[in-house]
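Quick notes on the structure that follows.
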Amino acid sequence: MLLNALAEVSNTTTAGIKFYRREGLSPAGTRLAATRQDYDRGHAERLQLIRVLREEAGATIPDIRALVTLIDDPRRAPRGRPRNRPGARRGPVTCRGQRAPGAPGRSDDPGHAHAAGVAGRGKRAAPGAR
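Written out as structure tokens, the structure is:
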């Protein structure tokens, strides 16, 4: 099936399909011509998986990429204990990316820049100020 048919079957926009391909979440189709590719049922199933992970599980693009990489090539499985990624969500987050008051994490520390209200505004706390 062509891109438009895949978009219709998967209930995804053509722009969304192209985005997922660029991000490495979905494989390219079989090339028919310079601007045409043929997609199969596996592509539609991958798009369904991406939708479920994003909408139902709240997964991020990097999380989905890691999962589909593991699905596509199990030998690339991470070894050892999982570690917290820098920037990973660990609690309620406000719309500005800062943790909500009372949420666990560094922002509850009064000496932390976010708690002092200076992060992201180009200001630095005075040395030794808490």
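Going from the sequence shown to our numbering is simple: count from 1 and add 9.
Each residue gets a CB set at the ideal place from its N, CA and C atoms; glycine is no exception.
Of the choices P83, R85, L62 and A42, whose alpha-carbon is the least far from that of Y29? That would be L62, whose Cα lies nearest to the Cα of Y29.
Does DSSP classify L41 as helix, strand or coil? Per DSSP, reduced to three states, the secondary structure at L41 is strand.
Starting from L12, trace the alpha helix (DSSP H) in both directions and tell me its first and last residue. L12 to S19
Any chance the segment 70 to 79 sits against the segment 37 to 53, with 3 or more Cβ pairs inside 8 Å? no
Terminal residues of the continuous alpha helix (DSSP H) containing L56? Residues R50 to R60.
If you draw a straight line from the C-alpha of D49 to the C-alpha of S19, how long is it? 11 Å
Taking only three categories from DSSP, how would you classify D47? Of the three classes helix, strand and coil, the one that applies to D47 here is strand, per DSSP.
How close, in whole Å, do the beta carbons of E17 and I70 come, if the pair is a contact with beta carbons under 8 Å? Contact doesn't hold; Cβ gap of about 23 Å is too wide.
Taking the alpha-carbon positions, what's the A24 to A66 distance? 22 Å
From L34, A42 and R84, residue whose alpha carbon lies closest to that of Q57: Of L34, A42 and R84, the residue nearest in Cα terms is L34.
Proximity test, Cβ basis, 8 Å: L58 and chain C: Reference to chain C is not applicable here, since this structure consists of a single protein chain.
Go through its chain and collect everything with a Cβ distance to A68's Cβ below 7 Å, but skip five positions before and after it. L62
Can the beta-carbon of R45 be found less than 8 Å from the beta-carbon of L11? Contact flag set, yes.
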